[in-house]
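From first to last, the protein sequence lines are chains F and Y. Heads up, the working numbering is the position in the first sequence plus 126, with the first residue counted as 1. Heads up, the working numbering is the position in the second sequence plus 83, with the first residue counted as 1. Backbone N, C-alpha and C define an ideal beta-carbon position, used for all residues, glycine too.
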Amino acid sequence: MKQRITGVGLVFNSVKWLLLLSLLAVALLPLFWLLVSSLRTNLELQTNPFGWPEKLQWENYAKALSMASLPRLLLNSVVVASCAVILNSAVTAMGAFILARERFKGRDVLYTLLTAGVLVPVISFMVPYFSFITKTGLYNTLFALILVYTAVNIPVSTFLVTAFMKSIPRELEEASVIDGCGFLKRFTVIILPLSRSGLVTAATFCFIYSWNEFLMAMLLTSSIESRTIQLGIKFFSSQFITDYSSMYAAVIITIIPSIIAYIFLHDKIIGGLTAGGVKG
Amino acid sequence: MQAVGTHRSRIWGARALFLSPVLLLFFFFFLYPFVFTIATSFTSWRGIGLMKFNGVANYQKLLGDPTFRKALGNNVIWALSQGFIQVPLACLVAMILVRKPKGWRMLRTVYYLPNVISTVALAMVWVAIYNVEGPLNAILSSLFGMEKRNWLGNPDTALFAVIFQTVIYIGYFMIILLASAMNIPRSLYEAAQIDGASTFQQERHITLPMLRGSLITTMTLAMAYGMRHFESTFLMTGGGPAYATTTMGIDLYLRMDALRYSEASTAGVFLIVMGTLVITLLRKIFGSSDPMSEMAQ
Chain F
127 MKQRITGVGL VFNSVKWLLL LSLLAVALLP LFWLLVSSLR TNLELQTNPF
177 GWPEKLQWEN YAKALSMASL PRLLLNSVVV ASCAVILNSA VTAMGAFILA
227 RERFKGRDVL YTLLTAGVLV PVISFMVPYF SFITKTGLYN TLFALILVYT
277 AVNIPVSTFL VTAFMKSIPR ELEEASVIDG CGFLKRFTVI ILPLSRSGLV
327 TAATFCFIYS WNEFLMAMLL TSSIESRTIQ LGIKFFSSQF ITDYSSMYAA
377 VIITIIPSII AYIFLHDKII GGLTAGGVKG
Chain Y
84 MQAVGTHRSR IWGARALFLS PVLLLFFFFF LYPFVFTIAT SFTSWRGIGL
134 MKFNGVANYQ KLLGDPTFRK ALGNNVIWAL SQGFIQVPLA CLVAMILVRK
184 PKGWRMLRTV YYLPNVISTV ALAMVWVAIY NVEGPLNAIL SSLFGMEKRN
234 WLGNPDTALF AVIFQTVIYI GYFMIILLAS AMNIPRSLYE AAQIDGASTF
284 QQERHITLPM LRGSLITTMT LAMAYGMRHF ESTFLMTGGG PAYATTTMGI
334 DLYLRMDALR YSEASTAGVF LIVMGTLVIT LLRKIFGSSD PMSEMAQ
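Here is the structure:
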């Protein structure tokens with residue numbers, strides 16, 4: 127779109143770039159500040175918290191990782207997030223296969239019900255989740271978090287994976303039936319491999335949610351054996367009280383997995399968002 | 084599919100087997116909690132012992148409680164600010180990016196980035212930014228000579244401060260709006276250009292009407308999220324100072340923490356009702372959405 131360079135056009139153009147660049151700054155500066163803070167000395171944090179550090183203190187990272195609880199908390203987060211992703215993917219792949227590829231009465235009702243879960247504010251379920259998890263003896267276990275994260279992501283995953291499976295041409299499946307493929311074969315040989323992309327999208331959302339989740343982890347766990355890294359940063363910061371720069375190093379370590387996932391999978395995330403109004 | 088119908092019962096068994104995990108999880112983590120929350124909201128229950136039916140006593144108590152009323156009011160402010168500031172800003176950015184200025188793909192990717200970073204980490208940064216000795220005060224006092232204030236510690240500014248930081252999340256709404264703006268046929272703009280319509284007129288009479296559906300969708304989402312806001316406020320202020328930033332979610336948590344389980348459930352019912360109200364109200368006001376939003380759904 128060509129524009130004649132007029133006074134008004136110039137003003138418009140500058141305002142436009144001012145807006146775009148300040149939003150860019152707003153998105154990146156908090157992360158940048160965290161990164162720089164993790165490389166300061168504690169003295170610099172107190173005297174010059176927003177300037178450039180004199181010498182980059184990489185040993186803050188070594189110090190953070192040598193904190194008694196940090197490796198354990200990281201391991202807990204890795205276990206919880208990966209188990210939730212695997213469980214959620216398996217469960218939704220099976221469910222979505224039926225909802226997308228089989229025809230039966232009540233199918234659309236089921237689909238609507240499952241995906242309408244997005245509309246329900248899960249935080250209003252703090253009481254029932256807590257009482258359910260306590261009654262089943264799962265309180266303060268990693269499995270409690272795995273279960274909750276798997277379940278909470280079902281509406282979003284079902285929506286994404288069912289939509290994806292519906293888009294697979296029927297002819298492919300019919301041909302396989304003629305070739306003698308049964309129910310299980312249709313799922314494992316035809317539909318599952320072809321839905322890989324949709325499953326990866328759903329898994330990405332599930333991973334980012336599970337890795338970052340705070341409230342349910344706070345509600346359902348109470349000791350270091352089963353707490354996740356997000357709670358670690360929030361509550362075990364007493365360990366860091368004299369050593370804030372190492373705490374910031376710990377924070378950077380915890381956001382690295384999210385950033386790596388985003389660098390590799392941002393196309394899937396953006397595609398997933400535009401497939402519908404779902405929040406990761 | 085004809086061949087499928089031959090082993091009826093076996094097929095039904097397989098279908099049930101495949102559906103049951105997802106349905107069981109949905110039952111235990113959505114349906115049962117939903118019913119449980121509503122049921123316990125009409126009882127007096129402290130987590131252990133018997134539940135005693137006590138009618139609408141919890142509802143009366145909450146509505147008469149200044150803390151809960153403050154939370155409800157704050158949630159309404161949250162919803163309105165998300166719907167009427169966040170979404171229009173996101174829409175403006177989407178309208179700029181759809182014209183594909185230099186680096187638009189990179190901008191789109193980076194704008195969404197804060198959405199994948201943990202709230203715990205970002206809340207920590209904002210607490211530092213809003214600190215009395217923090218960069219915000221440094222900038223404001225050097226540029227405008229404003230006196231340094233404790234943004235999160237002062238009841239007059241705390242709510243504004245916790246709402247303002249959500250500007251980093253606009254990428255989410257922007258991506259939805261941008262995708263549907265990209266689906267507007269270019270021919271509409273070409274025809275308008277031949278008729279001599281200015282860029283501004285094209286945006287006003289083509290882009291905005293065509294985005295109507297997606298705008299309703301994003302506004303609904305934004306306001307529903309405003310109603311269920313919890314995390315960043317809880318992490319930055321814990322709802323304080325003096326309940327200035329409390330929300331229904333925080334109120335629910337604090338009641339539960341004080342072992343007032345049935346009151347917490349009642350707060351949960353309010354959360355669900357207010358969220359539903361937002362969604363139905365927007366549908367009523369703006370009408371059901373057009374085909375564009377069905378695409379976005």
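Between the C-alpha atoms of residue i and residue j, what's the straight-line distance to the nearest angstrom?
i: Leu201(F); j: Ala190(F); result: 14 Å
i: Arg343(Y); j: Thr126(Y); result: 11 Å
i: Thr330(Y); j: Tyr388(F); result: 30 Å
i: Ser201(Y); j: Leu171(F); result: 22 Å
i: Trp159(F); j: Met134(Y); result: 50 Å
i: Ala328(F); j: Leu286(F); result: 6 Å
i: Ser164(F); j: Ser195(F); result: 18 Å
i: Ile150(F); j: Gly263(F); result: What sits at residue 150(F) in the sequence shown is Leu, not Ile. If you take the alpha carbons of Leu150(F) and Gly263(F), they lie about 47 Å apart.
i: Gly279(Y); j: Ala162(Y); result: 40 Å
i: Ser293(F); j: Leu157(F); result: 38 Å
i: Val139(Y); j: Val352(Y); result: 12 Å
i: Tyr308(Y); j: Gly166(Y); result: 9 Å
i: Gly221(F); j: Arg191(Y); result: 33 Å
i: Glu297(F); j: Val193(Y); result: 40 Å
i: Ala244(Y); j: Phe227(Y); result: 19 Å
i: Tyr255(F); j: Ser302(F); result: 43 Å
i: Ile280(F); j: Ser348(Y); result: 23 Å
i: Thr137(Y); j: Ile121(Y); result: In the sequence as presented, Thr is not what sits at residue 137(Y); that position holds Asn. Their Cα atoms are separated by approximately 13 Å.
i: Asp369(F); j: Pro149(Y); result: 40 Å
i: Pro295(F); j: Tyr272(Y); result: 34 Å
i: Asp373(Y); j: Tyr255(Y); result: Low confidence applies here, because Asp373(Y) scores a pLDDT of 43, under 50, leaving its location unreliable and the question unanswered by this model.
i: Lys198(Y); j: Arg91(Y); result: Residue identity differs from the one stated: residue 198(Y) is Asn in this sequence, not Lys. Distance between the alpha carbons of Asn198(Y) and Arg91(Y): 47 Å.
i: Met344(F); j: Ala188(F); result: 27 Å
i: Arg322(F); j: Ala154(Y); result: 43 Å
i: Ser224(Y); j: Asn233(Y); result: 13 Å
i: Pro171(Y); j: Ser164(Y); result: 10 Å
i: Tyr336(Y); j: Asp305(F); result: 57 Å
Would a check of beta-carbon distances place residue i closer than 7 Å to chain F?
i: Arg152(Y); result: no
i: Ala262(Y); result: yes
i: Arg338(Y); result: no
i: Tyr213(Y); result: no
i: Thr329(Y); result: no
i: Ser92(Y); result: no
i: Tyr326(Y); result: no
i: Pro218(Y); result: yes
i: Arg269(Y); result: no
i: Gly156(Y); result: no
i: Gly332(Y); result: yes
i: Phe109(Y); result: yes
Please report whether the beta-carbon of residue i lies at a distance below 7 Å from any beta-carbon of chain Y.
i: Ile249(F); result: yes
i: Asn139(F); result: no
i: Phe340(F); result: yes
i: Gly135(F); result: no
i: Pro254(F); result: yes
i: Ile359(F); result: yes
i: Lys142(F); result: yes
i: Val377(F); result: yes
i: Phe290(F); result: no
i: Glu228(F); result: yes
i: Ser352(F); result: no
i: Phe309(F); result: yes
If residue i sits next to residue j, beta carbons under 8 Å apart, how far is it from one beta carbon to the other, in whole angstroms?
i: Leu242(Y); j: Ile160(Y); result: 7 Å
i: Ser263(Y); j: Leu219(Y); result: Incorrect: roughly 35 Å between the Cβ atoms, too far for contact.
i: Leu399(F); j: Ile259(Y); result: 6 Å
i: Arg98(Y); j: Ile316(F); result: Between Ile316(F) and Arg98(Y) the Cβ distance is about 17 Å, and since that is not below 8 Å, they are no contact.
i: Leu325(F); j: Ser215(F); result: 6 Å
i: Leu261(Y); j: Val181(Y); result: 6 Å
i: Tyr275(F); j: Ala210(F); result: 4 Å
- prompt: For the region 298–349 of chain Y, which segments carrying the alpha helix (DSSP H) assignment without a break, of at least 4 residues, lie completely within its bounds, in sequence order?
  reply: 314–319 and 331–340
- request: Please name the residues in the region 193–225 of chain F whose beta-carbon is closer than 7 Å to at least one beta-carbon of chain Y, in chain order.
  value: Val217, Thr218, Met220, Gly221, Phe223 and Ile224
Cβ-based contacts, 8 Å cut-off: residues of the region 386–400 of chain F near chain Y: Ala387, Tyr388, His392, Ile395, Ile396, Leu399 and Thr400
message: Please identify, using Cβ separations under 8 Å, the residues of the region 184–214 of chain Y that lie next to chain F, in order along the chain.
response: Pro184, Leu190, Arg191, Thr192, Val193, Tyr194, Tyr195, Leu196, Pro197, Asn198, Val199, Ile200, Ser201, Thr202, Val203, Ala204, Leu205, Met207, Val208, Trp209, Ala211 and Ile212
field: the region 120–131 of chain Y: positions lying closer than 8 Å to chain F by Cβ
entry: Thr120, Thr123 and Gly130
message: Under 9 Å, CB to CB, which of the residues in the region 268–281 of chain F have a partner in chain Y?
response: Leu273, Val274, Thr276, Ala277, Val278, Ile280 and Pro281
- request: Identify each residue in the region 148–165 of chain F for which the Cβ-Cβ distance to at least one residue of chain Y is less than 9 Å, and report them in chain order.
  value: Leu149, Leu150, Val152, Ala153, Leu154, Leu155, Pro156, Leu157, Trp159, Leu160 and Ser163
- prompt: For the region 272–301 of chain Y, which residues have a beta carbon sitting closer than 8 Å to at least one beta carbon of chain F?
  reply: Thr282, Thr300 and Thr301
- prompt: In the region 316–337 of chain F, which residues sit with their C-beta less than 8 Å from some C-beta in chain Y, listed in chain order?
  reply: Ile334 and Trp337
field: Members of the region 170–185 of chain Y near chain F, C-beta cut-off 7 Å
entry: Val176, Ile179 and Arg182
field: Whole runs of the alpha helix (DSSP H) within the region 107–137 of chain Y, excluding any shorter than 4 residues
entry: 115–123
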